[in-house]
Amino acid sequence: MVVERYEPDPRLPEAVIVDFDGTLAHMDRRGPYEFHRVGEDRVDPAVKRLVSLLAPSVKIVVLTGRDDSCEAESRAWLADNEVPFDELHMRAAGDRRSDARVKFEIFDTRLRSRFHVIAAIDDRNSVVEMWRRLGIKCLQAQDGDF
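Residue numbers (UniProt numbering): 1 to 146.
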């Protein structure tokens, strides 16, 4: 995948991009494709705290590999767990491409021209590598070699 290096516009609103599964939320009792059960996920207290500290001064953009069939449940989970966020972007239902490709495409088409992205938080190695190739500082929430 060829990525065009990101040159942020400092005049745009600052934002941090945050992943959902494996970063904000942990699935202890559901499989990765059991989207009807996302409400059962456990919040990551450290990532929630970090996002809560950042939220007053930057936009929080949740960008997830979950498909949009569970958008309502995902929004409810964020509200129930008191995770502040400004936008939620999800892959289209049925899109089986890699998380890195999907997240890059969403970034490139929906976020690049609207935000000054100062950082990303993710767990998956391939996605962390993609953010870093773009020139975006990425904090890796946990080992994600899958």
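The C-beta atom is built at its ideal place from N, Cα and C for all residues, glycine as well.
Any idea which residues DSSP pairs M90 with across the strands?
Here residue 90 refers to the residue found at position 90 when the sequence shown is read from its first residue. Answer by DSSP bridge pairing, in chain order: T64.
If I measure Cβ to Cβ from L139 and keep anything under 7 Å in the same chain, skipping five residues before and after, which residues do I get?
In the sequence shown, the residue the question calls residue 139 occupies position 139. Cβ neighbours of L139 beyond the five flanking positions: A119, I121.
Measuring only the C-alpha atoms, how far is R37 from R133?
In the sequence shown, residue 37 corresponds to position 37, counting from 1. In the sequence shown, residue 133 corresponds to position 133, counting from 1. Whole-angstrom Cα-Cα distance: 33 Å.
Restricting to Cα atoms, I'd like to know which of K137, D28, R49 is closest to R42.
Here residue 42 refers to the residue found at position 42 of the sequence shown. R42 has its Cα closest to that of D28, out of K137, D28, R49.
How should M90 be labelled, buried or exposed, when 16 other C-beta atoms within 10 angstroms of its C-beta is the threshold for buried?
Numbered from its first residue, the sequence shown carries residue 90 at position 90. Classification for M90: buried.
Using DSSP with H/G/I as helix, E/B as strand and the rest coil, what is R42?
Within the sequence shown, residue 42 is the residue found at index 42, counting from 1. Correct three-state label for R42: strand.
Need the endpoints of the beta strand (DSSP E) that L111 sits in, please.
Stepping through the sequence shown from its first residue, residue 111 is reached at position 111. Where L111 is concerned, there is no enclosing beta strand (DSSP E), given that its DSSP letter is neither H nor E.
Straight-line CA distance for F104 to P10?
Taking the sequence shown and counting its residues from 1, one reaches residue 104 at position 104. Taking the sequence shown and counting its residues from 1, one reaches residue 10 at position 10. About 20 Å.
DSSP on L134, reduced to helix/strand/coil?
Taking the sequence shown and counting its residues from 1, the one referred to as residue 134 is at position 134. L134 falls in the helix class under three-state DSSP.
Alpha carbon to alpha carbon, how far is P84 from I106?
By 1-based counting over the sequence shown, the position of residue 84 is 84. By 1-based counting over the sequence shown, the position of residue 106 is 106. Distance between the alpha carbons of P84 and I106: 20 Å.
If you run the structure through DSSP and keep just helix, strand and coil, what is V18?
Here residue 18 refers to the residue found at position 18 when the sequence shown is read from its first residue. The answer is strand: DSSP assigns V18 an E or B state.
If you draw a straight line from the alpha carbon of G131 to that of K137, how long is it in whole angstroms?
Here the question's residue 131 lines up with position 131 in the sequence shown. Here the question's residue 137 lines up with position 137 in the sequence shown. For clarity, residue 131 is Trp in the given sequence; the question names Gly instead. Using only the alpha carbons, I get a separation of about 7 Å.
What residue range does the alpha helix (DSSP H) around E82 cover?
In the sequence shown, counting from the first residue as 1, residue 82 sits at position 82. Neither: E82 is in no alpha helix (DSSP H) and is coded neither H nor E.
Is it a yes or a no for the stretch 16 to 33 touching the stretch 44 to 58, going by three-plus beta-carbon pairs under 8 Å?
Yes, the stretch 16 to 33 is in contact with the stretch 44 to 58.
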